[in-house]
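Residue numbers (this note's numbering), protein chains in the order written: chain X, 27 to 130; chain W, 23 to 238. Ideal placement from N, C-alpha and C gives every residue a C-beta, glycine not left out.
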Amino acid sequence: MDSWTGWALIVGAALVSFFSRAVFVLPGSHMRLPATAERALRYAPAAALMAIVVPDLAAAHGALSISIENPRLIAGLVAFGLAAGTRSILLTIAGGMAALILLR
Amino acid sequence: MAGIVPWGVVAGVAMVSAGLTQVQSVAMSLLVFAGSAQLAVLPLLIAKAPLWVMYATALAVNLRYVIYSAVLAPHFEHLSRPWRALLSYITVDGIFALFVGKYRPDEARAHKHWFYLGGSLVMWTGWQLASMVGIFAGALIPQSWSLEFAATLALIAVLVPLLHDRAIVCAALAAGGVALAASKWPLNLGLLAAIAVGVVVGLAVARTARLKERSG
Chain X
27 MDSWTGWALI VGAALVSFFS RAVFVLPGSH MRLPATAERA LRYAPAAALM AIVVPDLAAA
87 HGALSISIEN PRLIAGLVAF GLAAGTRSIL LTIAGGMAAL ILLR
Chain W
23 MAGIVPWGVV AGVAMVSAGL TQVQSVAMSL LVFAGSAQLA VLPLLIAKAP LWVMYATALA
83 VNLRYVIYSA VLAPHFEHLS RPWRALLSYI TVDGIFALFV GKYRPDEARA HKHWFYLGGS
143 LVMWTGWQLA SMVGIFAGAL IPQSWSLEFA ATLALIAVLV PLLHDRAIVC AALAAGGVAL
203 AASKWPLNLG LLAAIAVGVV VGLAVARTAR LKERSG
């Protein structure tokens, strides 16, 4: 990756992040979010995160592998369980890494 | 607060191992200040996805902030523009939830924005320090530890608490399925298709549930 791509990503992601947070706060007018839009916006973050996580867990040596032979997949499922059970970021990361190391 | 430290360290390590220089990683941490968006775009940077796909992905992950912004706007509309810009920049999930639970929009508490700024500054400082540790200590960790996997685990840790109703769970499952099926699509467009399908499925499930409630 060249340094230009890195900076373009940083500046673009910074603008996107600032404007998502500022879009209603900064104008200070009495603009309100329509109820339909608010409903649609509820689903995008969870959908986006899941769409990143799932192929990443299924990846094994450049191919997809949905089987108990794939340590990343099992470690990911352990992490899902820990996140649901404990709501702790630290335990989720530590438990998932421990599972990956043990399974390999 | 306890969660922000491992999360920041992982983000710091992930930025450097994705190929950003230490200066770029520090700049990203300070300017973007959105952990899940940062971690979401890094695999795309490694995969050499086009910039607009990375921007669209960051936007999708950040859309929850648009909802926060709409909720916060009436609280802060009496403040000056620099204040509103600062409070926008520093918005994080935890303090937003705390603030909205504590104050009503019409409540004329003169100092409620100080509460918001103070809480957010604590989170900001913790996040930045943890990121710096990851950025500067991450280079010392051997590649064989697969620390890049920790970034995926960190995303799981922020994803799970979002799954608080059936429509969101269905949206996420649909998005995961489409992302898997479309993972070989060029330019990582499968990711954007997965998000779009997820949103449509979420809306459809919620609509069905509402109709059932009305008829039952």
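For residue 67 of chain X, at least one C-beta of chain W is nearer than 9 angstroms to its own C-beta. In the structure shown, the three-state DSSP call for residue 225 of chain W is helix. Three or more beta-carbon pairs drawn from the stretch 210 to 227 of chain W and the stretch 64 to 75 of chain W are found closer than 8 angstroms, and the two stretches are therefore classed as touching. Under the DSSP assignment, residue 37 of chain W falls in the alpha helix (DSSP H) whose first and last residues are 26 to 39.
Contacts between residue 129 of chain X and chain W, judged by CB atoms closer than 9 angstroms, are missing: the closest CB pair is about 11 angstroms apart. In terms of beta-carbon proximity, residue 59 of chain X lines the interface with chain W, with at least one pair separated by less than 9 angstroms. Chain order gives the chain X residues near residue 76 of chain W as 35, 38, 39, where near means a beta carbon separation below 8 angstroms.
Fully contained in the stretch 112 to 185 of chain W are the following alpha helix (DSSP H) runs of length 4 or more, in chain order: 115 to 124, 134 to 159, 170 to 181. Residue 42 of chain W carries a coil assignment under DSSP once its states are collapsed to helix, strand and coil. Taking 9 angstroms as the threshold, the shortest C-beta distance from residue 29 of chain W to chain X falls below it.
With fewer than 16 other beta carbons inside 10 angstroms of its own, residue 28 of chain X counts as exposed.
Taking CB atoms only, residue 175 of chain W has a neighbour in chain X less than 9 angstroms away.
Residue contact with chain W for residue 64 of chain X: present (Cβ-Cβ distance below 9 angstroms to some residue of chain W). Excluding its 5 nearest sequence neighbours in each direction, residue 79 of chain W has C-beta neighbours in its own chain below 7 angstroms: 62, 63, 66, 213, listed in chain order. Among the residues facing chain W, residue 29 of chain X is included, as its CB has a counterpart in that chain under 9 angstroms away. For residue 41 of chain W, the nearest CB of chain X lies under 9 angstroms from its own CB, placing it at the interface with that chain. Taking all protein chains shown into account, residue 99 of chain X has 16 or more neighbouring C-beta atoms within 10 Å of its C-beta and is therefore buried. Taking CB atoms only, residue 171 of chain W has a neighbour in chain X less than 9 angstroms away.
Take the alpha-carbon of residue 116 of chain X and the one of residue 25 of chain W: they are about 6 angstroms apart. Contact between residue 45 of chain X and residue 59 of chain X fails: their C-beta atoms lie close to 14 angstroms from each other, not under 8 angstroms. In this structure, residue 181 of chain W lies away from residue 34 of chain X, with their beta-carbon atoms at least 9 angstroms apart. Under the Cβ criterion of 9 angstroms, residue 99 of chain X is not counted among the residues facing chain W. Chain-order list of chain W residues neighbouring residue 84 of chain X: 202, 205, by C-beta distance under 9 angstroms.
When secondary structure is reduced to three states using DSSP, residue 57 of chain X falls in the coil class, being assigned neither helix nor strand. Close CB contacts of residue 227 of chain W within its chain, under the 6 angstroms cut and outside five residues either way in sequence, are with 189, 192 (chain order).
Per the coordinates, the alpha-carbon of residue 53 of chain W lies some 25 angstroms from the alpha-carbon of residue 96 of chain W. Here the alpha carbons of residue 39 of chain W and residue 31 of chain W stand approximately 12 angstroms from one another.
Residue nearest to residue 68 of chain W within the set W/209, W/179, W/234 is W/209 (criterion: CA-CA distance). A straight line joining the alpha-carbon of residue 129 of chain X with that of residue 111 of chain X spans about 21 angstroms. For the stretch 122 to 147 of chain W, no residue has a beta-carbon sitting nearer than 8 angstroms to a beta-carbon of chain X. Residues of chain X whose Cβ lies closer than 9 angstroms to the Cβ of residue 230 of chain W do not exist, since the nearest Cβ in that chain is about 13 angstroms away. With fewer than 16 other beta carbons inside 10 angstroms of its own, residue 123 of chain W counts as exposed. Per the C-alpha coordinates, the member of W/197, W/121, W/202, W/91 positioned closest to residue 139 of chain W is W/121. Rounded to the nearest whole angstrom, the CA to CA distance from residue 104 of chain W to residue 119 of chain W is 23 angstroms.
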